[in-house]
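**Student:** Shown below is the structure under consideration.
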Amino acid sequence: MHKLISKIWLTESMPDDWNHSMICPILKKGDATLRTNYRGISLLPVAYKVLTSVLCENLKPHAEALIGPYQCGFRPGKSTIDQIFTLRQILEKSCENQIDTYHLFVDYKAAFDSPRRDRLYAAMSELGIPAKLIRLCMMTLSNTISSVRVGNDQSETFYTKCGLRQGDSLSCMLFNILMESIIRKAGVHRTGTILTNRCVQLLGYADDIDIIGRTKRDVTAAFGAIEKESAKVGLAVNMDKTKFMVCSSRELRRLQLSAGSHSFESVKEFIYLGSAISSTNDVSLEIKRRITLANRCYFGLSRHFNSRALSRPTKITLYRTLILPVLLYGAECWTVVQSDAAALGVFERKILRKIFGPICVGDAYRTRWNHELYELYGDVEIVSRVKIQRLRWLGHIARMEEDAPARKVFDAVIVGKRRRGRPRIRWQDQVMEALSTSGVTNWRARAQDRKAWRQIVQQAVTR
Numbered sequence: 001m002h003k004l005i006s007k008i009w010l011t012e013s014m015p016d017d018w019n020h021s022m023i024c025p026i027l028k029k030g031d032a033t034l035r036t037n038y039r040g041i042s043l044l045p046v047a048y049k050v051l052t053s054v055l056c057e058n059l060k061p062h063a064e065a066l067i068g069p070y071q072c073g074f075r076p077g078k079s080t081i082d083q084i085f086t087l088r089q090i091l092e093k094s095c096e097n098q099i100d101t102y103h104l105f106v107d108y109k110a111a112f113d114s115p116r117r118d119r120l121y122a123a124m125s126e127l128g129i130p131a132k133l134i135r136l137c138m139m140t141l142s143n144t145i146s147s148v149r150v151g152n153d154q155s156e157t158f159y160t161k162c163g164l165r166q167g168d169s170l171s172c173m174l175f176n177i178l179m180e181s182i183i184r185k186a187g188v189h190r191t192g193t194i195l196t197n198r199c200v201q202l203l204g205y206a207d208d209i210d211i212i213g214r215t216k217r218d219v220t221a222a223f224g225a226i227e228k229e230s231a232k233v234g235l236a237v238n239m240d241k242t243k244f245m246v247c248s249s250r251e252l253r254r255l256q257l258s259a260g261s262h263s264f265e266s267v268k269e270f271i272y273l274g275s276a277i278s279s280t281n282d283v284s285l286e287i288k289r290r291i292t293l294a295n296r297c298y299f300g301l302s303r304h305f306n307s308r309a310l311s312r313p314t315k316i317t318l319y320r321t322l323i324l325p326v327l328l329y330g331a332e333c334w335t336v337v338q339s340d341a342a343a344l345g346v347f348e349r350k351i352l353r354k355i356f357g358p359i360c361v362g363d364a365y366r367t368r369w370n371h372e373l374y375e376l377y378g379d380v381e382i383v384s385r386v387k388i389q390r391l392r393w394l395g396h397i398a399r400m401e402e403d404a405p406a407r408k409v410f411d412a413v414i415v416g417k418r419r420r421g422r423p424r425i426r427w428q429d430q431v432m433e434a435l436s437t438s439g440v441t442n443w444r445a446r447a448q449d450r451k452a453w454r455q456i457v458q459q460a461v462t463r
């Protein structure tokens, strides 16, 4: 294999069989009879994936040096939580200081299937990617042949002359490079934050982009420039799924955003990277939604939880691996009030009571008390687990680069005018309270040591 990859690297020519991919349509959600609700995943030869993995490793240093900090999609050390946290901090601090922010959540039609390959190669050259790597990328995308398989049926082969193959490890990095070229040519500020200056801020995760501004005019101008440059490379904005939202601490009438011939009606809620964002930054809305989703997952597994053939440890493993990740997705960013904590506890204890069942006292059975459940469970309560995730994330923020948007918005101090009355509890208040209870000081310096920080996190939730 090493000799084969080395020969391909030198000659810039690979076997013809590696050009063929089998596309398997995967239903995303919605009506199964609509082809637009499917995502085509390309199954590729394993040997070809070895080649693209080597190519990715060589391309990564150049891509990481080029792509701005606004982009967190498919990058090492970054995830959707970076962008969700950044957005929630922007909303929390702007609402507290009575600063309105305008958000346009941009969605592209068939983003990975649409880019013009010649424009991609040109963008790579303009950004200074070495010519050798560009030619190798061109080799992987030349004469690509595909067929579609549904069940046991397979279509005839056909050539694909545009787009990137979903399922190819190289595609995500190439798409990020193309998006970087679009943003640069659009002239949109790539490194600032909406809290420290009045420029437009971008939050990107691959093709999911949130354009944030303090005025409608700023957002409209940025969207117009991005749409124009996107069209040049073959990307089209999905006007039906692109949404506009005004975030304010005040009650505002429904607004519209007009950009050229397009008009976007404002929404009060939007699902951004799997997390519910509201115009008033109501985190309780997302927590209730998470409980509902986890409840669906629980009922989907009810046959297993009711089965006597499965042991208690197996059922606990099902809960921890299949239900908890759904329930606690994005919990690093939550500001939890008492009603939210109570709702989370009720949901968890419902599952634990199903796992452990009632207890026999004398001649009668009774429901187990809460402390009895957790003695059998042998793990921390759900609210303590949320605290653990928040404190782990706080340590991650302390170790971030200084230009990381999540760190910038966390450290940002806004000059504004607060409303009268008691302010809302803030995310920073809750994590600092947990640290002060444990007597932790100088947390930024102590968070640099990952092992020591893990011990601090465990101590903070056991007190």
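Numbering (the UniProt record's numbering), first residue to last: 1 to 463. For every residue, glycine included, the Cβ atom is placed at its ideal position computed from N, Cα and C. Fair warning: this is a prediction, and the values are worked out from it, not measured in the lab.
1. Which residue spans inside the region 88-128 form an unbroken alpha helix (DSSP H) run of at least 4?
2. Just the C-alpha distance for residue 418 and residue 238, rounded to the nearest angstrom, thanks.
3. If contacts are defined as beta-carbon pairs under 8 Å, then residue 264 and residue 104 qualify, I think. What distance do you get, rounded to the angstrom?
4. Using DSSP's beta-bridge definition, name the partner residues of residue 243.
5. Which value, in whole angstroms, describes the spacing of the CA atoms of residue 207 and residue 402?
6. What does the Cβ neighbour count give for residue 360, buried or exposed, with the cut at 16 atoms within 10 Å?
7. Name the DSSP bridge partner or partners of residue 24?
8. Quick check on this structure: which residue in 183, 391, 270 has the alpha carbon closest to the alpha carbon of residue 333?
9. Alpha carbon to alpha carbon, how far is residue 114 from residue 148? Give it in angstroms, no decimals.
10. Of the choices 385, 179, 389, whose alpha-carbon is the least far from that of residue 236?
11. Which stretch, first to last residue, makes up the beta strand (DSSP E) that contains residue 160?
12. Once DSSP output is grouped into helix, strand and coil, what is the label at residue 308?
13. Tell me which residue opens and which closes the alpha helix (DSSP H) that residue 2 is part of.
14. Closer than 8 Å is the cut-off here; do at least three beta carbon pairs connect the region 268-284 with the region 211-220?
15. For residue 1, count neighbouring C-beta atoms within 10 Å of its own C-beta (all shown protein chains included) and say buried if the count is 16 or more, exposed if not.
16. Would DSSP call residue 445 helix, strand or coil?
17. Can you say whether residue 312 is buried or exposed, counting buried as having 16 or more other CB atoms within 10 angstroms of its CB?
18. Please classify residue 445 as buried or exposed, where buried requires at least 16 neighbouring CB atoms within 10 angstroms.
19. If we count Cβ pairs, one from each stretch, closer than 8 Å, do we get three or more for the region 382-398 versus the region 53-62?
20. Could you tell me the alpha carbon to alpha carbon distance between residue 41 and residue 385, rounded to whole angstroms?
21. Please tell me whether residue 443 and residue 412 are closer than 9 Å, where the distance is taken between their beta carbons.
22. DSSP beta-bridge partners for residue 361?
23. Where residue 310 and residue 267 are concerned, what is the direct C-alpha to C-alpha distance, given to the nearest angstrom?
**Tutor:** The short version:
1. 117-126
2. Going from the Cα of residue 418 to the Cα of residue 238 covers about 38 Å.
3. With a beta-carbon spacing of about 7 Å, residue 264 and residue 104 fall inside the 8 Å limit used to define contacts.
4. 105
5. 24 Å
6. exposed
7. 41
8. 391
9. 17 Å
10. 179
11. For residue 160, the uninterrupted beta strand (DSSP E) segment begins and ends at 158-160.
12. Here residue 308 sits in coil by DSSP.
13. Residues 2-11.
14. no
15. exposed
16. helix
17. exposed
18. exposed
19. no
20. 35 Å
21. no
22. 364
23. C-alpha separation (whole angstroms): 46 Å.
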